[in-house]
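K.L.:
Residue numbers (our numbering): 94 to 478.
Note that the Cβ used here is the ideal one computed from N, Cα and C, for glycine as well.
The structure is given below, and queries will be raised subsequently.
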Ligand SMILES: *Cc1c(COP(=O)(O)O)cnc(C)c1O
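Laid out in structure tokens, this is it:
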């Protein structure tokens, strides 16, 4: 009855419709589903964070509208955490902006810098809000394919010069969802140089900075010389502290980019519940063993899954970071067919790669968000197909 806006119509199609429907049907039929589809930690938020929320919520001053730019205590805690983790000093007043989850900031950021017809350079496959945010801002998308032959890094040389000139921002995300690829200092240096040459904003999504294995901690784009002139980096407490439902993250980096995002947000939201911000302070300043334990749990699950899949003759490499395993489909099936088959024959949910963009075709993504015994069970079920 009502005509949808051209922007809504331009959003990439939601390709998980069939998968979601099949999953619901299988559940309703009482089948014992092993869900490796969702990128959401299965473990609870640590108690010390919940207790901090509880204490903060009892103080009526947290019940009122929060400051748009986030509480000074949270911005200072982020600055300390950042310095400690990456060796980068940030000004808590001008270079850090708390967000209602990093997805919110990622999706709103293009409103500050894209005019109709401006391009965003976006990796594909990718986390969907890069595309959605660009479309809502009236921008156009140029896809940078992430292919195995290039270690799932974008190849800047392949971006046509005419597009480089019409582009305003470039998105990167390492450790990467969905491919689980990581990037080193050389890649960040190349990205900073490329953005410098074409006056582009470098948008780095570091949601998985703490979810790494074998002791190899990922880098921040802001460690790179010159990055602070053009980069904004998005961080999240969601995955690190099992806080996906709480909605708290932050953007940091170039002060001009941060203040422009703050301006967009001041017209849209009214800050993050102060008690959640104080719980965020507790999370960042709390004991380090939570994060270490979390890494050990995912590393065990990763090893069970990868070893198991290899025992089935599947070609998989153990991811160096994230809680995803990106698997090339055996027998050249489409990713929707492959995930459909897993559900139908083994009651296993895996995400079809094409849902993250056309260059995700040929892959499925499995998330390490179920206990190791369930992963073992999944392997045995696949063995019997
Ligand atoms: C989970 C995720 C996020 C963000 O999560 P929030 O809960 O919105 O902070 C951002 N980027 C990627 C790539 C993710 O997978």
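Return helix, strand or coil for residue 193, following the three-state DSSP convention.
P.N.:
coil
K.L.:
To the nearest angstrom, how far is the alpha carbon of residue 475 from that of residue 439?
P.N.:
6 Å
K.L.:
Looking at ligand 1, does it come within less than 7 Å of residue 220, judged from the CB to the closest heavy atom?
P.N.:
At least one heavy atom of ligand 1 is nearer than 7 Å to the Cβ of residue 220, so yes.
K.L.:
Any idea what DSSP makes of residue 254, helix, strand or coil?
P.N.:
helix
K.L.:
What did DSSP end up calling residue 327 once you bin it into helix, strand or coil?
P.N.:
strand
K.L.:
Using a threshold of 8 Å, state whether the C-beta atoms of residue 193 and residue 365 are closer than that.
P.N.:
yes
K.L.:
Under DSSP, the beta strand (DSSP E) around residue 262 begins and ends at which residues?
P.N.:
260-265
K.L.:
For residue 171, which of helix, strand or coil comes out of DSSP?
P.N.:
helix
K.L.:
Express the C-alpha separation of residue 317 and residue 213 in angstroms, rounding to a whole number.
P.N.:
22 Å
K.L.:
Does DSSP put residue 458 in a helix, a strand or coil?
P.N.:
In the three-state DSSP reduction, residue 458 falls in the strand class (E or B).
K.L.:
Output the distance between the C-alpha atoms of residue 445 and residue 423, rounded to the nearest integer angstrom.
P.N.:
Residue 445 and residue 423 have their C-alpha atoms roughly 13 Å apart.
K.L.:
Taking 8 Å as the cut-off, decide whether the C-beta atoms of residue 270 and residue 132 are in contact.
P.N.:
yes
K.L.:
Any idea what DSSP makes of residue 94, helix, strand or coil?
P.N.:
coil
K.L.:
Which residue comes first and which comes last in the alpha helix (DSSP H) that contains residue 399?
P.N.:
Counting along the chain, the alpha helix (DSSP H) containing residue 399 begins and ends at 382-404.
K.L.:
Measuring straight from C-alpha to C-alpha, what distance separates residue 227 and residue 353?
P.N.:
16 Å
K.L.:
Measuring alpha carbon to alpha carbon, tell me which residue in 99, 102, 309, 129 is nearest residue 113.
P.N.:
129
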